[in-house]
Amino acid sequence: MIAIYARQLHERGHSVSVVCQPPREPTLRQRFSNLRHGRKFVRKSPEPYYAGSSVTPRMIDRHRPIVAADLPDADVVIGTWWETAEWVAALPASKGSHAHFIQHYEAMFDERFKDRVDAVLRQPSFKITISKWLDDLLRDKFGNQRVAMIPNSVDMTQFNAAARGRHSPPTVGLLYSPTPWKNCEAGIRAFEALRRRLPGVRLRTFGAIDPTPALPLPEGTIHTTLPPQDTIRDIYAECDAWLCMSRGEGFHLPPLEAMACRCPVVSTPVGGPIDIIREGENGFIVPFDDAEAAASRLEQMLSGSEADWRRMSDAAYATATSYSWNDAATLFEAALVKAQDER
């Protein structure tokens, strides 16, 4: 998301600098944990997201806080994570008006840092966020009034599919992740309940890691680990329903990406799906942790008439194409102007 906005703003004539730390080396504890759970360590670098972009990120010398000397003078400086928001708060006025781009309630990632996350969310910096759930959280829990809510879009050059019919047998898609709040376990339970009702239904998954013994996939599941970005749309297009059972998301992109590939969605009321799903039209919302409710909605979607499924598929595609990254960038640009004006 940061790379997309950086490119869009640069193409509109703004001078944009992206400054970041180099990837952190894994600790010995993390190495042992990954080995014990059969996980691969993926060194995260921002550079692939900027490939072919008009903006190139600049890495500082080592993994440390970013300080004023690392940044050019600017009109606005944006923190994009709770730690970077702490650093932004310490910057002088010459580095620009302080803004905070918030994509999740980051205390969910690690409860040890909850007090610090909450503290930066109470800072007087101008807030930009991506879903109504986060907008409500910032206003109601943290008392922010200077907030711009700008939903994510989806890159239709990367995620798209031709109009099609429902597969036979039907296929359910699910993002595989052991992260507790992603609640993949409930998604698997929902699929198992569905398979008791619709024998032969298939499960298609992808994720950052191979399936683990602690979170096994049902027999017959087709899983892809770390698929190349240009193949993910093919996975979505293999599916007739996309399932999300997360307990919390800032803006969960896979459901919107699936919609762009003409796949209707069954999801819990998390950020993203709760903003874009129109009940019974392009998908369904189900209660948190309710695998039986999810199975019932999947059954309704996959056992109804072909014409009804096509209507939902077309509506999902229409939802994804109704709001572009150019639309989002226009709102983001306006938010930065407002942050500077209200300085």
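First residue of the sequence shown? That's 1 in the UniProt record's numbering, and the numbers climb one at a time after it. We treat Cβ as the ideally placed atom computed from N, Cα and C, and that holds for glycine. Computed from a predicted model, the values in this text were never measured in an experiment.
Alpha carbon to alpha carbon, how far is residue j from residue i? Give it in angstroms, no decimals.
i           : j      : result
Ala3        : Ser54  : 10 Å
Ala208      : Glu47  : 18 Å
Phe284      : Arg196 : 20 Å
Ala241      : Lys132 : 24 Å
Thr205      : Val266 : 15 Å
Ala258      : Phe251 : 14 Å
Ala193      : Glu292 : 7 Å
Ser313      : Pro22  : 42 Å
Arg64       : Trp87  : 11 Å
Ala89       : Ala6   : 21 Å
Thr319      : Ile276 : 7 Å
residue 346 : Arg311 : An answer regarding residue 346 cannot be provided, because it is not within the stretch 1 to 343 covered by the chain.
Gly248      : Pro264 : 20 Å
Arg262      : Pro124 : 41 Å
Leu253      : Leu175 : 11 Å
Lys114      : Leu71  : 28 Å
Cys239      : Met301 : 12 Å
Ile150      : Thr321 : 16 Å
Tyr49       : Pro26  : 21 Å
Arg278      : Pro269 : 12 Å
Gly200      : Gly280 : 24 Å
Arg297      : Ser45  : 39 Å
Gly52       : Trp181 : 34 Å
Asn183      : Ala69  : 42 Å
Ser177      : Ile188 : 11 Å
Val16       : Leu198 : 52 Å
His104      : Thr80  : 10 Å
Along the alpha helix (DSSP H) that carries residue i, what are the first and last residues, could you check?
i      : result
Arg195 : 184 to 197
Trp133 : 132 to 140
Ile232 : 232 to 237
Leu298 : 291 to 303
Leu253 : 253 to 260
Ile274 : 273 to 276
Val88  : 82 to 89
Val117 : 114 to 121
Val337 : 325 to 341
Thr321 : 306 to 321
Would you call residue i buried or exposed, if buried means 16 or more other Cβ atoms sit within 10 Å of its Cβ?
i           : result
Ala237      : buried
Glu111      : exposed
residue 362 : Examination of residue 362 is not possible in this model, given that the chain is present from 1 through 343 alone.
Val154      : buried
residue 366 : Because the chain is modelled from 1 through 343, residue 366 falls outside the range shown and cannot be assessed.
Ala93       : exposed
Thr179      : exposed
Gly96       : buried
Asp61       : exposed
Asp135      : buried
Pro273      : buried
Trp82       : buried
Pro287      : exposed
Gly173      : buried
Leu138      : buried
Ser168      : exposed
Asp73       : exposed
Ile222      : exposed
Ala14       : It should be noted that the sequence gives His, not Ala, for residue 14. Flag for His14 reads exposed.
Arg29       : exposed
Asn326      : exposed
Thr56       : exposed
Pro213      : exposed
Kindly give me the distance between the Cβ atoms of residue i and residue j, rounded to whole angstroms, as I take these residues to be in contact under 8 Å.
i      : j      : result
Met1   : Asn152 : 6 Å
Leu9   : Ala329 : 7 Å
Ala295 : Ala190 : 5 Å
Arg166 : Glu306 : 6 Å
Glu333 : Arg12  : 6 Å
Thr231 : Asp210 : About 17 Å separates the two Cβ atoms, so there is no contact after all.
Pro227 : Ile235 : 6 Å
Measure the Cβ-Cβ separation of residue i and residue j and say whether it is below 9 Å.
i      : j      : result
Thr160 : Arg233 : According to the sequence shown, residue 160 is Asn rather than Thr. Yes. Within cutoff.
Ile130 : Gly271 : yes
Ala99  : Val120 : no
Met108 : Ala186 : no
Pro218 : Leu203 : yes
Arg58  : Val117 : no
Lys338 : Ala148 : yes
Lys127 : Ile102 : yes
Met156 : Ser303 : no
Ile78  : Leu336 : yes
Glu342 : Arg146 : yes
Let's see if you can read the secondary structure: which residues bound the beta strand (DSSP E) around residue i?
i           : result
residue 345 : Lying before the first or after the last residue shown, residue 345 is absent from the chain, which here runs from 1 to 343.
Tyr176      : 171 to 176
Ala69       : No beta strand (DSSP E) holds Ala69; DSSP gives it neither H nor E.
His10       : Segment 2 to 11 is the alpha helix (DSSP H) holding His10; no beta strand (DSSP E) there.
Arg202      : 202 to 207
Is there a C-beta anywhere in chain B that falls below 9 Å from the one on residue i?
i      : result
Ser313 : Included in the structure is just one protein chain, with no chain B present.
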